[in-house]
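Written out below as structure tokens is the structure these notes cover.
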Amino acid sequence: MKRLLSTLLLATLTAYLPAAPAATDVTMTTQSPQDTDAVLAKKHPSELYLHAKQLFETGHKDEAVTWFYIGQLRWRYHLLAHPELPPDGEPAAMDALNATLGQAINEWAGGSPKAWRAAISKALAWDAAHPNPTTPKAQYADQWQQVRAGLMQLDGYLRDNENQIRTERQARGLENR
Numbered sequence: 002m003k004r005l006l007s008t009l010l011l012a013t014l015t016a017y018l019p020a021a022p023a024a025t026d027v028t029m030t031t032q033s034p035q036d037t038d039a040v041l042a043k044k045h046p047s048e049l050y051l052h053a054k055q056l057f058e059t060g061h062k063d064e065a066v067t068w069f070y071i072g073q074l075r076w077r078y079h080l081l082a083h084p085e086l087p088p089d090g091e092p093a094a095m096d097a098l099n100a101t102l103g104q105a106i107n108e109w110a111g112g113s114p115k116a117w118r119a120a121i122s123k124a125l126a127w128d129a130a131h132p133n134p135t136t137p138k139a140q141y142a143d144q145w146q147q148v149r150a151g152l153m154q155l156d157g158y159l160r161d162n163e164n165q166i167r168t169e170r171q172a173r174g175l176e177n178r
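Printed below as a string of structure tokens:
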């Protein structure tokens, strides 16, 4: 499964993003989380997805959920701010990554709605605290707030439906943590 997911992710990025990073480009060699955050804050959202993938594959699954949502937040915002982008480019790449990596990460996240909500909260806080050179927040403030509001709605849904989520997962044979 891991090999298939890696192959699909890299093929997706190669096909849709002209300057797609190799998986090794996202490997953080810095010493501190602050250094890693500073490096990742300057990257295209696709690289944040790849960082989430690496974390997930190395067993840092809760941290991967946070980075997945940071990447998703920033990419949704980027796409909303740039509706002129061709639909078979970045929008298609994000859709493909959400369908592959997103499925695995969201399945894991759903096992603990409280941890899922914590990851969303961390993603929102991280995004607010770090610059976004790919899509500057001040230049596209309305779009930025709109995308953040969508993620806050997901958080509210998780809060209000935790028991239902757990019941549905149990009925489907999925783990609740």
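Residue 2 is where the sequence shown starts when you use the numbering used here, and the numbers rise one by one after that. All C-beta atoms in this analysis are idealised placements derived from N, C-alpha and C, irrespective of residue type, glycine included.
Relative to the C-alpha of residue i, which residue among the options is closest?
i      : options                           : result
Asp143 : Gln73, Leu80 and Trp68            : Leu80
Asp161 : Ala139, Lys115, Trp145 and Trp109 : Lys115
Lys43  : Trp117, Gly60 and Thr135          : Thr135
Met153 : Ala126, Ile166 and His52          : Ala126
Tyr50  : Pro88, Ala130 and Ile106          : Ile106
Ala93  : Ser47, Ala53, Ala172 and Leu56    : Ser47
Which same chain residues end up closer than 6 angstroms to residue i when comparing Cβ atoms and leaving out the 5 residues on each side of it in sequence?
i      : result
Ala20  : The predicted position of Ala20 is uncertain, since its pLDDT is 46 and thus under 50; a value taken from the coordinates is nonetheless stated next. No residues qualify anywhere along the chain.
Arg178 : Gly112 and Ser113
Met95  : Trp76
Asp26  : Interpretation of Asp26 is limited by its pLDDT of 45, a score under 50 that renders its predicted location unreliable; the figure taken from the coordinates is listed afterwards. So no residue of the chain qualifies.
Trp145 : Tyr78 and Lys138
Rounding to the nearest angstrom, what Cα-Cα distance links residue i and residue j in this structure?
i      : j      : result
Trp68  : Asp36  : 15 angstroms
Ala120 : Asp156 : 10 angstroms
His131 : Val40  : 10 angstroms
Gln203 : Ser33  : Any question about residue 203 goes unanswered here, given that the chain covers just 2 to 178.
Pro124 : Glu85  : Here residue 124 is Ala; the residue named in the question, Pro, does not match the sequence. Computed Cα separation, rounded: 27 angstroms.
Leu98  : Glu58  : 15 angstroms
Thr168 : His61  : 25 angstroms
Glu64  : Pro88  : 30 angstroms
Gly174 : Tyr141 : 43 angstroms
Glu91  : Asn133 : 17 angstroms
Ala66  : Ala53  : Note that residue 66 is Val in the sequence shown, not Ala. Between Val66 and Ala53, the C-alpha separation is close to 7 angstroms.
Trp117 : His45  : 23 angstroms
Glu176 : Ser122 : 23 angstroms
Gly151 : Gln171 : 27 angstroms
Asn203 : Glu108 : No answer is possible for residue 203: it lies beyond the span of the chain, which begins at 2 and ends at 178.
His83  : Asp38  : 25 angstroms
Along the alpha helix (DSSP H) that carries residue i, what are the first and last residues, could you check?
i      : result
Tyr50  : Pro46 to Glu58
Glu91  : Glu91 to Ala110
His61  : His61 -> no alpha helix (DSSP H), and no H or E assigned at all.
Arg170 : Glu163 to Ala172
Pro34  : Pro34 to Ala42
Leaving out the 5 sequence neighbours to the left and right, which residues in its chain are closer than 8 angstroms to residue i when beta-carbon positions are compared?
i      : result
Asp128 : Ile71, Leu74, Arg75 and Arg149
Ile166 : Gly111, Pro114 and Leu159
Below 7 angstroms CB to CB, which residues in the same chain sit around residue i once its five sequence neighbours on both sides are set aside?
i      : result
Gln147 : Leu81
Leu56  : Glu64, Ala65 and Trp68
Every unbroken alpha helix (DSSP H) within the region 109-141, with a cutoff of 4 residues, ordered by chain: Inside the region 109-141, DSSP marks whole alpha helix (DSSP H) runs of 4 or more residues at positions 114-130, from first to last along the chain.
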